[in-house]
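Written out below as structure tokens is the structure these notes cover.
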Amino acid sequence: MKDRDLQVDNIVYPRNNLWSIVYNLLSNAIKYRSPERPLVVRINTYREDDAVVLRVEDNGLGLSQHQQPKLFTMFKRFHSHVEGTGIGLYMIKRIIENRGGRIEFESEENKGTTFKVYLQPLGFLQKEPSQGISFKQ
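Numbering (my numbering) for the sequence shown: 6 to 142.
Right, here's the structure in full:
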């Protein structure tokens, strides 16, 4: 199940960068879902101060307190039952920070993980974007 609440529909932000961020967070939610319950992913966007917040919450495997400090370490993986390189979260953290934003998360083992990405957009659009990106897509 997916659930979305988009208070911000369109922003001017490099399309490839935003696509990488969204793709990585959603694919991780799917890959690391719990086999004990149906997958639920909630996606929200909203403005907070001068940032646009992209919030992605899942009810997947989650992380232990011990694992959390290493989450954004390059090549670090916590679950071996799915394929991966351990570079995705490291890469998107770099993308976000290089553009003046930040990424935060909360996670509880066997409950799920919530990521908050604070994006510094180049601007906002009133219509469908030609140079920016739409969260509606």
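Glycine is no exception: its CB is placed at the ideal position from the N, C-alpha and C atoms.
Residues bridged to D63 by DSSP? V46
Quick check on P134: does DSSP put it in helix, strand or coil? Low confidence applies to P134: its pLDDT is 47, below 50, so where it sits in the model is not reliable, and the reading given next is rough at best. Note: P134 maps to coil in three-state DSSP.
Can you name, in chain order, every residue of its own chain whose Cβ lies under 6 Å from the Cβ of L44, other than the five neighbours on each side? R38
Secondary structure of R52, DSSP reduced to three states: strand
What is the rounded straight-line gap between the Cα of R60 and the Cα of F120? 6 Å
Alpha carbon of G105 to alpha carbon of N115, nearest angstrom: 32 Å
Give the DSSP bridge partners of N33, in chain order. DSSP, once it has assigned bridges, lists no residue as partnering N33.
Boundaries (first-last residue) of the alpha helix (DSSP H) holding I108: I108 -> not in any alpha helix (DSSP H); beta strand (DSSP E) instead, spanning 107-113.
CA-to-CA distance, F110 to H71, given in whole angstroms: 14 Å
Let's test the definition: count the other Cβ atoms within 10 Å of the Cβ of G91 and tell me whether it reaches 16, buried, or not, exposed. exposed
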